[in-house]
Structures are given as C-alpha cells and as structure tokens.
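For reference, the structure discussed in these notes is given below.
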Amino acid sequence: MTAALSAHELIARHRSTLDQALEAIRTRAYWSPHPEHPKAYGENGSLDAAAGKAAFDALLGSRLDLGQPGTDDWVGGETSPYGIDLGVTYPHADLDVLLPAMKAGQRAWRDAGAEQRAVVCLEILKRISDRTHEFAHAVMHTSGQAFMMAFQAGGPHAQDRGLEAVAYAYVEQVRTPDNAEWTKPQGKRDPLAMNKQFTPVPRGIALMIGCNTFPTWNGYPGLFASLATGNAVLVKPHPRAVLPLALTVQVAREVLAETGFDPNLIALAAERPGEGIAKTLATRPEIRIIDYTGSTEFGDWLEANARQAQVYTEKAGVNTVVVHSTSDYKGMLSNLAFSLSLYSGQMCTTPQNLLVPREGISTDQGPKSYDEVVADLARSVDGLLGDDARANALLGAIVNPDVKARLEAASGLGEVALPSREITNPDFPGAVVRTPVIVKLDGAKPDDEAAYMSECFGPVSFAVAVDSAADAAELLRRTVREKGAMTVGAYTTDPEVEQAVQEVCLEEAAQLSLNLTGGVYVNQTAAFSDFHGSGGNPAASAALCDGAFVANRFRVVEVRRDA
Numbered sequence: 006m007t008a009a010l011s012a013h014e015l016i017a018r019h020r021s022t023l024d025q026a027l028e029a030i031r032t033r034a035y036w037s038p039h040p041e042h043p044k045a046y047g048e049n050g051s052l053d054a055a056a057g058k059a060a061f062d063a064l065l066g067s068r069l070d071l072g073q074p075g076t077d078d079w080v081g082g083e084t085s086p087y088g089i090d091l092g093v094t095y096p097h098a099d100l101d102v103l104l105p106a107m108k109a110g111q112r113a114w115r116d117a118g119a120e121q122r123a124v125v126c127l128e129i130l131k132r133i134s135d136r137t138h139e140f141a142h143a144v145m146h147t148s149g150q151a152f153m154m155a156f157q158a159g160g161p162h163a164q165d166r167g168l169e170a171v172a173y174a175y176v177e178q179v180r181t182p183d184n185a186e187w188t189k190p191q192g193k194r195d196p197l198a199m200n201k202q203f204t205p206v207p208r209g210i211a212l213m214i215g216c217n218t219f220p221t222w223n224g225y226p227g228l229f230a231s232l233a234t235g236n237a238v239l240v241k242p243h244p245r246a247v248l249p250l251a252l253t254v255q256v257a258r259e260v261l262a263e264t265g266f267d268p269n270l271i272a273l274a275a276e277r278p279g280e281g282i283a284k285t286l287a288t289r290p291e292i293r294i295i296d297y298t299g300s301t302e303f304g305d306w307l308e309a310n311a312r313q314a315q316v317y318t319e320k321a322g323v324n325t326v327v328v329h330s331t332s333d334y335k336g337m338l339s340n341l342a343f344s345l346s347l348y349s350g351q352m353c354t355t356p357q358n359l360l361v362p363r364e365g366i367s368t369d370q371g372p373k374s375y376d377e378v379v380a381d382l383a384r385s386v387d388g389l390l391g392d393d394a395r396a397n398a399l400l401g402a403i404v405n406p407d408v409k410a411r412l413e414a415a416s417g418l419g420e421v422a423l424p425s426r427e428i429t430n431p432d433f434p435g436a437v438v439r440t441p442v443i444v445k446l447d448g449a450k451p452d453d454e455a456a457y458m459s460e461c462f463g464p465v466s467f468a469v470a471v472d473s474a475a476d477a478a479e480l481l482r483r484t485v486r487e488k489g490a491m492t493v494g495a496y497t498t499d500p501e502v503e504q505a506v507q508e509v510c511l512e513e514a515a516q517l518s519l520n521l522t523g524g525v526y527v528n529q530t531a532a533f534s535d536f537h538g539s540g541g542n543p544a545a546s547a548a549l550c551d552g553a554f555v556a557n558r559f560r561v562v563e564v565r566r567d568a
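Residue numbers for the sequence shown follow the working numbering, so the first one is 6 and each next one is one higher.
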C-alpha cells in the first residue's frame with residue numbers, strides 16, 4: 006500500500022504535540038490542543054459552525070459506506086432524543102470475514118513502532134478535531150446532550166481523552182529500550198555477551214463497546230489506547246448512538262490508508278435491531294481486549310465470561326456528597342444545583358446521594374437545619390432552571406424511556422422536596438426535557454435504604470438525613486465498597502471531618518472533590534490532570550487514564566542472540 010503521508014511527515018507534524026501531552030501527564034497541569042470555543046474553528050481546514058451543520062445534515066438519510074470487507078447488510082434506526090429520525094444506515098458485518106481481515110494488517114502496524122503509531126493516532130485526532138462542529142451535532146442527536154455540551158464533551162474533551170491515552174501508551178511502550186547490549190563478566194574467562202531485542206506486541210483485536218450517553222468521550226480512551234499499542238480495534242457502538250463512532254471509524258480508516266497501513270485495523274460492528282451482538286463478539290477467541298461503558302449487569306457479565314480478553318469496564322455507581330458545613334453557603338448550593346442539573350443528571354459522575362446531618366449544618370449564613378438545606382438547594386435548582394431557554398441549554402433531552410420511567414417513579418420513594426417539571430424545547434418539540442427531582446430520605450429507615458443504595462441514573466437525587474458526620478462517613482464507606490462510586494464530594498470546614506472523608510476515599514479508592522463552590526464541578530474531569538474513576542471500587546475496573554489502562558494491552562517479546 007502506497008503511503009500519501011510518510012512517517013517523517015507525520016513525526017514533523019505531530020511530535021511536538023505528543024511531547025506536550027507527555028509533559029502534561031507528568032506535571033498534571035492544565036493543557037489542551039483542542040479549542041473549547043466553537044468560534045475557534047473555521048480556519049486551516051477545520052469546519053466552522055455553518056459548514057459543520059451542513060455536513061451533519063448531509064449525513065441524514067444517507068448510507069455510510071466504510072469500505073469494510075464482509076458487509077452482508079445495511080442497518081440503522083437511530084432516532085434523536087430531540088425527535089428526529091437520523092435515517093443513516095451502516096454496514097453490517099459477517100464476522101467470519103471481517104475479523105480475519107482485521108488481523109491481516111497487524112504485523113505491519115506492530116513493526117511500525119510506538120512513535121509512528123502515536124503520530125498516526127494524532128493525525129486521526131487532528132482530522133476529527135477539524136470536524137468538531139459536525140461531530141457535535143452527531144453527538145447531540147444520539148445522546149440528547151444540549152449542543153454546547155455535545156460540542157465540548159463530545160469534541161475537544163473527548164479528543165483530549167483520546168490523546169491522553171496515546172501519550173500513556175507511548176510512555177509504557179518506550180519504557181523498555183528497543184535493543185540492549187548485555188555483558189556479564191566471567192573473571193579470567195571471556196565475558197558473556199548478548200544482543201537483546203525487545204518488541205511491544207499487541208494482544209490481538211480489541212473490542213470497544215460504546216455507550217449511549219457519551220459515545221466519543223467514553224469511547225476514545227479505549228479505542229486509542231488499543232490502536233496506539235498495536236492492536237486492531239472493532240468498534241461496537243450502542244444501537245442508539247452509532248453515528249459519532251461510525252464517523253470516527255471512517256476518519257481512522259482514511260488516515261490508516263493514507264499512511265500506508267491496512268484500513269481494516271479499525272472497523273465498525275453495527276447491529277440489526279435487537280440483534281445484541283456484544284455477547285457474541287465478547288467471547289470470540291479473536292477478541293483479546295474489551296473496553297465497555299454501561300450497566301453493571303452487563304459489565305459483570307463481561308468480566309465473568311470474556312475470559313480470553315483483558316476487560317476494562319466503567320459500570321454504575323452511587324455517587325455521594327457529604328454536606329457537613331461550608332464557608333460559602335450560596336456557592337455550595339449553586340455548585341450542587343449545576344452538578345445535579347447538567348445533562349439531566351445523565352452522567353456517570355452526577356451526584357445522587359446528598360448526606361446531610363439531621364440536626365443541620367453550620368454555614369457562613371448561620372446554622373441551617375436539614376429541612377432548610379434541602380429547601381434552599383431546591384430553590385437553587387429552581388432558580389438555575391427557571392428560564393426555559395437556559396434550562397434547555399443545560400438539561401438537553403432525556404436519552405431514553407428508561408431514564409424517564411425512573412424519574413417518574415422517584416417521586417413515590419419519599420417526600421418530594423423538588424418536583425420535576427416538563428419543559429418544552431421550541432427548536433425540537435419532540436424532545437423530552439425534564440428538570441431534576443429531589444427526594445428526602447432517612448438514612449436510619451431500612452425502607453429508604455433500597456432507594457439510596459441503588460443507582461437511579463438520571464435527574465434524580467436523594468437528600469439523605471444522617472445522625473452525624475461520623476455516620477455520613479460510614480455510610481459513604483459502605484456505599485463505595487458495596488456499590489462503587491465514580492465521584493465523591495464533601496463540604497466541610499472541620500479538618501477532622503475532612504480527614505475522615507478523605508481516609509474513606511483513600512481506603513475505598515474513590516476520587517474526592519472537596520468544597521467546590523466555583524466553576525469546577527464534581528461531575529467534570531479534565532484530561533491530562535484528573536483521573537476519571539479509579540479502577541479500585543465496583544463502579545469501574547479501570548481509570549481514565551493511567552499507566553494500568555494501557556500497559557496490559559501489549560506484551561514485550563524478547564529476542565536474544567550471542568553477540
């Protein structure tokens with residue numbers, strides 16, 4: 006295959022970006038090469054807002070032919086949470102044809118080495134970045150995110166997470182030198198001398214099982230970690246969120262072909278309605294790595310049954326915030342209100358349980374009873390979402406009927422402190438938009454425990470009354486240990502309470518945010534600096550992103566010879 010882009014050209018184009026990413030993961034300082042503002046696009050080959058929207062519109066009702074081998078049908082059926090039928094169809098694969106074709110290109114990809122693989126991945130990410138406006142509409146209309154969130158989380162933030170994975174993959178692969186001269190003295194005899202060659206070799210084909218809510222943000226870390234470590238990648242998107250990942254595969258195949266590699270190193274596995282191919286794929290012997298984001302039930306099934314593969318999961322958890330005391334009551338309420346409302350609570354990091362002492366909390370505005378804290382938080386959410394235009398921009402749309410059903414059922418679980426209300430989106434009358442519900446529960450009542458000790462994914466939160474800070478810390482410990490948590494938050498001015506909560510999080514491996522009152526929220530994490538999940542509690546078996554996330558996607562094979 007003739008390369009239109011040489012390794013030398015790619016290294017010249019992207020090596021400085023890779024070096025900056027390596028420095029960022031070392032220092033954990035803020036850095037991103039991908040602009041967050043929509044107006045930053047439109048030059049140097051990137052699509053501006055109008056061109057991106059036109060490109061998305063042109064996809065509607067089209068057939069996305071990726072040129073994959075083994076295509077035996079065309080499938081589709083995505084309906085936007087905003088009420089639009091996308092009408093895009095995708096190749097359905099005969100796996101017995103596609104999987105062998107994917108393996109065929111791995112030797113050349115393996116032999117290319119860590120640096121060349123990294124810069125090819127960076128070229129893929131650059132071309133995706135140039136089409137951020139187009140991808141934003143694709144994410145919006147498959148996930149239900151509001152446009153600005155789809156633009157940022159589905160665009161630059163997802164691209165950052167992909168680049169972060171490439172950087173970690175590069176670090177782990179070059180940790181061992183390519184060659185070594187080994188000499189062992191033998192006293193009066195001639196020394197023993199050997200030449201040793203070390204090659205990172207891929208495990209095989211990686212399966213990336215996409216999610217409905219964040220198809221690119223959650224999908225790119227595993228996809229690029231596997232590709233950068235030499236593995237072929239089969240992308241199995243969620244049936245309701247195919248388009249963003251299909252476009253990703255399309256871009257990646259184009260870049261691989263232009264750089265002289267087999268485009269079949271990445272392929273799409275779209276499915277017929279109700280086909281459920283994830284279990285079939287996950288247990289095939291060719292699949293040696295699996296990345297999955299979704300329900301605990303299926304994540305547990307993968308970990309138990311996909312024994313031939315290295316499995317990385319992000320599952321469900323019960324995220325908790327301890328509310329003990331604060332020196333900025335207004336800022337705390339504002340921060341929590343935004344965290345509960347963003348994307349209608351449809352984030353794996355959204356707080357669910359708010360643990361508040363029943364005797365109340367101390368604040369800069371004086372003592373506040375449990376009832377006052379809950380009522381004030383309800384008013385803060387109500388104020389944040391009081392304007393329908395702003396509410397639509399924050400909430401997006403309910404992603405599927407299951408979320409809507411959980412939201413409607415939540416009001417029957419306890420005393421409702423903040424009822425959910427329906428909001429009309431004038432641009433998309435078919436969108437289902439609902440504000441959050443806050444329900445008061447008692448941590449001492451066994452009947453309430455079933456509610457707050459289970460994940461209720463969506464715009465539902467529970468204000469759980471506890472006896473003391475010590476009881477809050479103990480309930481937090483039990484929740485993380487038994488159910489897992491992607492995030493933990495705490496508000497306290499007491500150093501002993503802070504230390505107690507921190508100790509729980511260190512012992513149970515949960516990521517903690519303390520006293521957030523400004524523009525950083527517990528349910529947001531920054532690539533190159535924050536770890537998303539820890540891999541140390543039941544919510545996830547991996548962290549995005551650390552060395553452990555990439556290091557076991559390849560093994561080092563040694564060839565040694567007498568010198």
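From the three backbone atoms N, C-alpha and C, an ideal C-beta is built for every residue, glycine too.
This one's a predicted model, so the numbers in the text were calculated from it and none came from an experiment.
Can you tell me the Cα-Cα spacing of SER534 and VAL561, whole angstroms?
Residue 534 sits at position 529 when you count from the first residue of the sequence shown. Residue 561 sits at position 556 when you count from the first residue of the sequence shown. So the alpha carbons of these two residues sit roughly 28 Å apart.
Check each candidate in ALA143, PHE536, GLN111, SER300 and name the one with the smallest Cα separation from ALA59.
For the purposes of this step, residue 59 is taken as residue 54 along the sequence shown, with counting starting at 1. Checking every option, the nearest Cα to that of ALA59 belongs to ALA143.
Less than 7 Å separating the beta-carbons of GLY167 and LEU130?
The residue given as residue 167 occupies position 162 in the sequence shown. The residue given as residue 130 occupies position 125 in the sequence shown. Cβ distance < 7 Å, so GLY167 and LEU130 count as in contact.
Is it buried or exposed, VAL254, if we count other Cβ atoms within 10 angstroms and call 16 or more buried?
In the sequence shown, the residue the question calls residue 254 occupies position 249. Classification of VAL254: buried, given that the 10 Å Cβ count is 16 or more.
CB-CB under 8 Å to VAL444, same chain, minus the five flanking residues each way: which ones, in chain order?
Translated into the one-based positions of the sequence shown, residue 444 becomes position 439. Answer for VAL444: ALA415, SER416, LEU418, GLY419, GLU420, VAL421, ALA422, ALA456, VAL465, SER466, PHE467, ALA468, listed in chain order.
Give the secondary structure of LEU521 by DSSP, where H, G and I count as helix, E and B as strand, and everything else as coil.
Numbered from its first residue, the sequence shown carries residue 521 at position 516. Note: LEU521 maps to coil in three-state DSSP.
Express the C-alpha separation of THR325 and VAL437 in angstroms, rounding to a whole number.
Here the question's residue 437 lines up with position 432 in the sequence shown. Here the question's residue 325 lines up with position 320 in the sequence shown. Between VAL437 and THR325, the C-alpha separation is close to 27 Å.
For the alpha helix (DSSP H) containing TRP222, list its first residue and its last residue.
Start at 1 with the first residue of the sequence shown, and residue 222 comes out as number 217. Taken as a continuous stretch (DSSP letters only), TRP222 belongs to no alpha helix (DSSP H), as it is neither H nor E.
Count Cβ pairs between the segment 395-403 and the segment 491-501 that sit closer than 8 Å; are there 3 or more?
Contact fails: fewer than three Cβ-Cβ distances are below 8 Å.
Report yes if the C-beta distance between THR565 and LYS201 is below 7 Å; otherwise report no.
Start at 1 with the first residue of the sequence shown, and residue 565 comes out as number 560. Start at 1 with the first residue of the sequence shown, and residue 201 comes out as number 196. In the sequence as displayed, the identity of residue 565 is Arg instead of Thr. Result yes, Cβ atoms of ARG565 and LYS201 sit closer than 7 Å.
For the structure I just gave you, are there three or more beta carbon pairs, one from the segment 315-329 and one from the segment 344-361, closer than 8 Å?
In short, these stretches touch, since the Cβ pair count reaches three.
Select from GLU479, PHE203, ARG20 the residue whose C-alpha is nearest the C-alpha of GLU513.
Against the sequence shown, residue 513 aligns to sequence position 508. For the residues GLU479, PHE203, ARG20, the minimum Cα distance to GLU513 belongs to GLU479.
Below 8 Å on the Cβ atoms is my contact criterion, and I expect PRO441 with VAL386 to pass it. Report the Cβ-Cβ distance as a whole number of Å.
As a working mapping, residue 441 is identified with position 436 in the sequence shown. As a working mapping, residue 386 is identified with position 381 in the sequence shown. Indeed, because the Cβ distance is near 6 Å, the residues count as touching under 8 Å.
Would you mind sorting GLY224 into buried or exposed? The rule is 16 or more other CB atoms within 10 Å of its CB.
If you number the sequence shown from 1, residue 224 lands on position 219. So GLY224 counts as buried.
From the DSSP secondary-structure annotation, give me the bridge partner or partners of ASN184.
As a first step, residue 184 must be located in the sequence shown, where it is residue number 179. GLN202.
Can you give the beta carbon distance from GLY215 to PRO242, rounded, assuming they're within the 8 Å contact cut?
In the sequence shown, residue 215 corresponds to position 210, counting from 1. In the sequence shown, residue 242 corresponds to position 237, counting from 1. Yes, they are in contact, since the Cβ atoms of GLY215 and PRO242 sit about 4 Å apart, within 8 Å.
Take VAL378 and list the residues in its own chain whose beta-carbon comes closer than 8 Å to its own, dropping the five residues that flank it on each side.
Here the question's residue 378 lines up with position 373 in the sequence shown. VAL328, VAL361, GLY365, ILE366, ALA468, listed in sequence order.
Distance, Cα to Cα, ASP305 vs GLY47?
Taking the sequence shown and counting its residues from 1, the one referred to as residue 305 is at position 300. Taking the sequence shown and counting its residues from 1, the one referred to as residue 47 is at position 42. Distance between the alpha carbons of ASP305 and GLY47: 44 Å.
Between the alpha carbons of GLN111 and ALA211, how many angstroms are there, rounded?
Along the sequence shown, read from residue 1 onward, the residue named residue 111 stands at position 106. Along the sequence shown, read from residue 1 onward, the residue named residue 211 stands at position 206. Going from the Cα of GLN111 to the Cα of ALA211 covers about 12 Å.
DSSP three-state label for GLN191, please.
Counting from one through the sequence shown, the residue named residue 191 turns up at place 186. The answer is strand: DSSP assigns GLN191 an E or B state.
Would ASP165 and HIS39 be called neighbours here (beta carbons separated by less than 7 Å)?
Here the question's residue 165 lines up with position 160 in the sequence shown. Here the question's residue 39 lines up with position 34 in the sequence shown. Taking 7 Å as the Cβ cut-off, ASP165 and HIS39 qualify as a contacting pair.
Apply the 10 Å Cβ neighbour rule to LYS320 and answer buried if 16 or more other Cβ atoms are within range, or exposed otherwise.
Here residue 320 corresponds to residue number 315 of the sequence shown, with the count starting at 1. LYS320 should be labelled buried.
Just verifying my parser: in three-state terms, what is the DSSP assignment at GLN351?
Here the question's residue 351 lines up with position 346 in the sequence shown. Of the three classes helix, strand and coil, the one that applies to GLN351 here is coil, per DSSP.
Kindly give me the distance between the Cβ atoms of ILE16 and GLU120, rounded to whole angstroms, as I take these residues to be in contact under 8 Å.
What you label residue 16 is simply residue 11 of the sequence shown in a count that begins at 1. What you label residue 120 is simply residue 115 of the sequence shown in a count that begins at 1. So it is a contact: roughly 7 Å between Cβ atoms.
DSSP state of ASN528, grouped into three classes?
Counting from 1 along the sequence shown, the entry for residue 528 is found at position 523. Three-state DSSP puts ASN528 in coil, outside helix and strand.
With contact counted as at least three CB pairs below 8 Å, one residue from each stretch, are the segment 189-207 and the segment 75-83 in contact?
Taking 8 Å as the limit for Cβ pairs, the verdict is that the segment 75-83 does not touch the segment 189-207.
Identify, in the order they occur along the chain, each residue of the same chain with its Cβ nearer than 6 Å to the Cβ of ALA532, setting aside the five sequence neighbours on each side.
For the purposes of this step, residue 532 is taken as residue 527 along the sequence shown, with counting starting at 1. Same-chain partners within the cutoff: ASP165, ARG166, GLU169.
Under 7 Å, do ALA568 and ASN542 count as touching if we go by C-beta distance?
Stepping through the sequence shown from its first residue, residue 568 is reached at position 563. Stepping through the sequence shown from its first residue, residue 542 is reached at position 537. Going by C-beta atoms, ALA568 is not nearer than 7 Å to ASN542.
Please report the residue range of the beta strand (DSSP E) in which GLN73 lies.
Counting from one through the sequence shown, the residue named residue 73 turns up at place 68. First-last for GLN73: undefined, no H or E at that position.
Indicate whether MET154 and TYR348 have their beta-carbon atoms separated by less than 7 Å.
Within the sequence shown, the letter at position 149 stands for residue 154. Within the sequence shown, the letter at position 343 stands for residue 348. It is a contact, given that the beta carbons lie within the stated cut-off.
How would you call ALA410, buried or exposed, if buried means at least 16 neighbouring beta carbons within 10 angstroms?
Position 405 of the sequence shown holds residue 410. Counting Cβ neighbours within 10 Å, ALA410 comes out exposed, since fewer than 16 surround it.
In whole angstroms, give me the CA-to-CA distance for LEU239 and ALA274.
Sequence index remark: in the sequence shown, residue 239 carries index 234 (1-based). Sequence index remark: in the sequence shown, residue 274 carries index 269 (1-based). Answer to the nearest angstrom: the Cα atoms are 7 Å apart.
Quick one: is TRP187 buried, meaning 16 or more other Cβ sit within 10 Å of its Cβ, or exposed?
Position 182 of the sequence shown, counted from the start, is the residue given in the question as residue 187. When all chains shown are included, TRP187 counts as exposed.
For PRO96, which beta-bridge partners are listed by DSSP?
In the sequence shown, the residue the question calls residue 96 occupies position 91. Answer is TRP79.
The alpha helix (DSSP H) that contains LYS284, what's its start and end?
On the sequence shown, residue 284 is found 279 positions in, with the first residue counted as 1. Note, LYS284: alpha helix (DSSP H), 282-287.
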